[in-house]
């Protein structure tokens, strides 16, 4: 056992982790109480969990960045069928303009918009955009995954979106 092995295996952080006591009874989530006294975790109990994994885990960050970088850099084009049934690229029109610059926000390029939307999809498994009209142009506004809640009916169909504010 060399000097570096002893240095790396017997430092204060490792000793502190080994000496730390684990929670015998972890604190249960109290968001949705059940009839038997237990509770079922809700979205707020896991708030920031996926983003925390993105920050802590290097491998998760590398994979997420690789996927978002490669998909967001693809040229998103709009096609229409001509009379022969062949696809031809459309460079003008409402959808082509929307795909060139989806967001009117300053500094929000198409690459950044798609990258952030993909990150919401990959980390939180949910993403949302609002389609708006600004002048004669359509725009998309990304809603971060922790800023909305979906409401549904008994059949699991989504019936509404509740946007969260700092007050709610």
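Residue numbers (my numbering): 11 to 178.
Ideal placement from N, C-alpha and C gives every residue a C-beta, glycine not left out.
{"Asked": "Checking 9 Å against the spacing of the C-beta atoms, do residue 152 and residue 131 come in under that value?", "Found": "no"}
{"Asked": "Go to residue 133, then tell me how far its alpha helix (DSSP H) extends in each direction, as first and last residue.", "Found": "120-134"}
{"Asked": "Measure the alpha-carbon distance for residue 80 versus residue 160 and round it to whole angstroms.", "Found": "30 Å"}
{"Asked": "Here's the rule: buried if 16 or more other CB atoms are within 10 angstroms of the residue's CB, otherwise exposed. What is residue 113?", "Found": "buried"}
{"Asked": "In this structure, how does DSSP classify residue 56 when only helix, strand and coil are distinguished?", "Found": "Residue placement at residue 56 is flagged as unreliable, the pLDDT there being 49, under the threshold of 50; the coordinate-derived value follows with that caveat. Three-state result, residue 56: helix."}
{"Asked": "Provide the residue span of the alpha helix (DSSP H) that contains residue 110, from first to last.", "Found": "104-110"}
{"Asked": "Would you mind reading off the limits of the alpha helix (DSSP H) that contains residue 80?", "Found": "68-82"}
{"Asked": "Pick helix, strand or coil for residue 149, following the three-state DSSP scheme.", "Found": "strand"}
{"Asked": "Quick check on residue 74: buried or exposed, where buried means 16 or more other Cβ atoms within 10 Å of its Cβ?", "Found": "buried"}
{"Asked": "Going by beta-carbon coordinates alone, are residue 111 and residue 98 separated by less than 9 Å?", "Found": "no"}
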